[in-house]
Ligand SMILES: Nc1ncnc2c1ncn2[C@@H]1O[C@H](COP(=O)(O)OP(=O)(O)O)[C@@H](O)[C@H]1O
Ligand SMILES: [Mg+2]
C-alpha cells in the first residue's frame, strides 16, 4: 500500500510542549569554486500551531536558505547541512528518506515562493493549475478537482471564482495571482506554511490585503506560519514573534511588541529606524551604513561590528552568543543593555 504522510509523521496536534516545528542549530554551507559560503550558521527557531513567526533580515542573510532546508528543496550538492535538526512534531525531517520527505513536502509543510508571480504557467488556466494539486496528490477526478479549485479560490477571496477558474494567469492582477499561489500552497491543508517575501512585488495597499488574507487563513486553520520578509513594516500587525537574521545567524528574537517598543540589537534598531513614519514626513530616511557581510570571509567577532554604532574593542574579537534577556527574548550583542536602554553612542 502507498505510504501517506500520516505514516511518516504523526497526524493531529503537536504533542505536549514540543512545538509544531523546531529548527535547532541549523548550519547550511554551499561548497562553491570560490570557497565555502556559510549561508546559515546555527539558526534556531520554533513555530507553534496558530502562531506567526516573522523572519526578518536584509537580502542575503540566509532567510530563504533556511526555508529551503525546512522544505527539503536545497540542491545537495552544492548545499551541505553539516549540523542541526529540523523537527516537525518531534521528528527530525533531515533524517527521513527522500521518499518519506516527499510525503511531507506540500502536504504537511508548504511554501509560497519568493518569485511566486512567475511560478504560474502561462499556458494553463488557473483552475487547471490549482486542481492539479488534487489530481496528483489526492487522485481526484478532473471534475471533482476543479470543484475543489473553485472552493479554494473562494477561500482566498477571489471574486467570481466559478467563472474565473477558467481564466489564464495574465488575466489576473499581481495581487490576485498571489492569491492563486496562496490557494495552491494551502490546497492540501498544511500544518506549517512558509511565506517567503509573499508581498515584495506588490504595491503597498495590496501588500496589506495579502497579509490580512494570510492572517485570516491561519486563524481558520491554526497553521503555524513563517513569514519571511526584509520589511519590518509589513509584519507588525500579523506576527506574534520576530527572529532577526544577520549573516546567517539570529541576532535578536523576541515577541513582536517587545521589538517595536525597544530593540535589543543595534541591527534591529537600524531596521526599525529605516521604516518610513508618517510623523516624520519630509525628514531623510535613516539607512544602516555599510554593506551586508561577505559570507565567504565573515568579519571576526560579531559579524555586524563593521557597521555598528555601539562597537567596542571586544566586538571585533569575541563572537557574541545569543544572550538570554528573558524567557522569550534573546540578543546576540555584548551591549544589548545599552541598546535596550536607548543610550546613544
Ligand atoms: N546555490 C547557492 N550557491 C551558493 N551560494 C548560495 C546558493 N544559494 C544561496 N546562496 C547564498 O546564501 C546566502 C543566503 O541566501 P538567501 O537565504 O537566499 O538570502 P535571503 O536572506 O535574502 O533569503 C546568499 O549569500 C546567497 O548568495
Ligand atoms: Mg530570500
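In the working numbering, the protein residues as written are 2 to 346. No residue lacks a Cβ here, since even glycine has one placed at the ideal position from N, Cα and C. Being a predicted model, the structure only gives us computed values, none of them experimental.
Residues of its chain near residue i, where Cβ-Cβ distance is below 6 Å and the 5 sequence neighbours each way are ignored
i	result
residue 135	141, 146 and 149
residue 374	Nothing about residue 374 can be reported from this structure: the residues present for the chain run from 2 to 346 only.
residue 143	none
residue 2	Bear in mind that a pLDDT of 45 at residue 2, under 50, signals an unreliable position, so the model cannot answer this.
residue 336	311
residue 333	252, 321 and 323
residue 256	242 and 329
residue 124	none
residue 71	87
Unbroken alpha helix (DSSP H) run spanning residue i, endpoints
i	result
residue 290	Element bounds for residue 290: n/a, residue is neither H nor E.
residue 342	Neither: residue 342 is in no alpha helix (DSSP H) and is coded neither H nor E.
residue 332	Element bounds for residue 332: not the alpha helix (DSSP H) but the beta strand (DSSP E), 330–332.
residue 269	267–274
Check: residue i C-beta below 6 Å from any heavy atom of ligand 2
i	result
residue 119	no
residue 65	yes
Span of the beta strand (DSSP E), counted from its first residue to its last, around residue i
i	result
residue 241	No beta strand (DSSP E) contains residue 241, which DSSP labels as neither H nor E.
residue 325	324–327
Ligand 1 heavy atom lying under 6 Å from the CB of residue i
i	result
residue 228	no
residue 79	yes
residue 37	no
residue 31	yes
residue 298	no
residue 50	no
residue 184	no
residue 150	no
residue 40	yes
residue 60	yes
CB contact flag (residue i, residue j, <7 Å)
i	j	result
residue 339	residue 331	no
residue 197	residue 89	no
residue 66	residue 29	yes
residue 193	residue 212	no
residue 110	residue 160	no
residue 138	residue 218	no
residue 261	residue 58	no
residue 31	residue 79	yes
residue 276	residue 233	yes
residue 48	residue 227	yes
residue 210	residue 200	no
Contacts around residue i, its chain only, beta-carbon distance under 8 Å, and the 5 residues preceding and following it disregarded
i	result
residue 14	Caution applies to residue 14, whose pLDDT of 47 falls short of 50 and renders its modelled position unreliable; the value that the coordinates give is listed next. Excluding positions up to five away in sequence, the list reads 50.
residue 167	126 and 128
residue 81	29, 30, 31 and 32
7 Å Cβ shell around residue i - same chain, five flanking residues per side excluded
i	result
residue 64	56, 58, 229 and 246
residue 153	131, 184 and 188
residue 162	151, 154 and 155
residue 19	90 and 91
- Report the residue ranges of all beta strand (DSSP E) runs contained in full by the stretch 169–225; include only those spanning at least 3 residues, in chain order. 193–197
- Message: For a minimum of 4 consecutive residues, which ranges assigned as the alpha helix (DSSP H) are wholly contained in the stretch 128–158?
- Response: The qualifying runs are 143–156.
- Task: Identify every run of the beta strand (DSSP E) within the stretch 33–120, keeping only runs that are complete inside it and at least 3 residues long; order them along the chain.
- Result: 36–48, 53–57, 80–89 and 110–113
- Message: List, from N- to C-terminal side, the alpha helix (DSSP H) runs of 4 residues or more that fit wholly inside the stretch 240–265.
- Response: Taking only runs of at least 4 residues, the alpha helix (DSSP H) segments lying wholly in the stretch 240–265 are 257–262.
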